[in-house]
Amino acid sequence: MIKKKILIVEDEAIVAMENKMNLSLAGYQVVASVSSGEEALNKIDEATPDLILMDITLKGNLSGIETVEKLREVSDIPIVFITGNSDNKTLHLIKEITNTSYLLKPILTKDLLSEVKKMLHS
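Using the numbering used here, the first residue of the sequence shown is number 19, and each one after it goes up by one.
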């Protein structure tokens with residue numbers, strides 16, 4: 019069975035490590051974990067992920083939303099946004115982008131795995 023590949027884009031190292039561990043234990047291959055939108059855009063061609071776990075607040079000059087907007091010019095990879103921001107503006111921006119969903123921090127492992135599975139099979 020071919021493992022589905024996931025790219026983690028998260029600026030908090032502990033959160034990234036926890037997500038990587040949980041996804042790996044569930045049978046997914048985490049191809050990379052990066053902390054900025056710029057790194058993510060550079061990594062996508064090389065890593066060819068099946069799904070991206072994207073934080074909204076990142077290091078660097080691009081937010082997670084801006085990164086995905088740039089990505090959408092060339093790819094429709096499914097995205098699961100991870101955010102601590104539940105304000106209406108942020109949620110509206112997420113809903114405007116195709117093939118995405120979101121989870122609010124703090125995230126339960128079962129919710130993360132459920133959302134990843136749903137997005138990979140939709």
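Each residue gets a CB set at the ideal place from its N, CA and C atoms; glycine is no exception.
Fair warning: this is a prediction, and the values are worked out from it, not measured in the lab.
Exercise. Could you tell me which of Ser93, Lys136, Thr66 sits nearest to threonine 116, measuring between CA atoms?
Key: In the sequence shown, counting from the first residue as 1, residue 116 sits at position 98. Checking every option, the nearest Cα to that of threonine 116 belongs to Ser93.
Exercise. For serine 51, name the three-state secondary structure that DSSP assigns.
Key: Against the sequence shown, residue 51 aligns to sequence position 33. Strand.
Quiz prompt | Boundaries of the beta strand (DSSP E) in which valine 98 is found, first to last residue | solution = Residue 98 sits at position 80 when you count from the first residue of the sequence shown. Its beta strand (DSSP E) spans residues 97-101.
Exercise. Would you mind sorting alanine 31 into buried or exposed? The rule is 16 or more other CB atoms within 10 Å of its CB.
Key: Taking the sequence shown and counting its residues from 1, the one referred to as residue 31 is at position 13. With fewer than 16 other Cβ atoms within 10 Å, it is exposed.
Self-check item: Which listed residue (Lys61, Leu130, Leu121, Glu57) has its alpha carbon closest to that of lysine 38
Solution: Taking the sequence shown and counting its residues from 1, one reaches residue 38 at position 20. When each option's Cα is compared against that of lysine 38, the closest is Leu130.
Practice problem: Kindly provide the ranges of any alpha helix (DSSP H) runs that are 4 or more residues long and lie completely inside the stretch 63-116, ordered along the chain. | Solution: 82-89, 106-114
Quiz item: Terminal residues of the continuous alpha helix (DSSP H) containing isoleucine 24?
Solution: Numbered from its first residue, the sequence shown carries residue 24 at position 6. Looking at the DSSP string, isoleucine 24 is not in any alpha helix (DSSP H); the run it does join, the beta strand (DSSP E), is 23-27.
Exercise. Would you kindly work out how many angstroms separate the C-alpha atoms of isoleucine 53 and lysine 136, rounded to a whole number?
Key: As a working mapping, residue 53 is identified with position 35 in the sequence shown. As a working mapping, residue 136 is identified with position 118 in the sequence shown. Just to set this straight, residue 53 is serine in the shown sequence, not isoleucine. Distance between the alpha carbons of serine 53 and lysine 136 is about 24 angstroms.
Quiz item: How about isoleucine 74 and glycine 82: do their beta carbons lie closer than 8 angstroms?
Solution: Looking up residue 74 in the sequence shown gives position 56. Looking up residue 82 in the sequence shown gives position 64. The answer is yes: Cβ separation under 8 angstroms.
Exercise. Could you tell me which residues DSSP puts in a beta bridge with leucine 121?
Key: Sequence index remark: in the sequence shown, residue 121 carries index 103 (1-based). For leucine 121, which the question treats as bridged, DSSP gives the partners Ile100.
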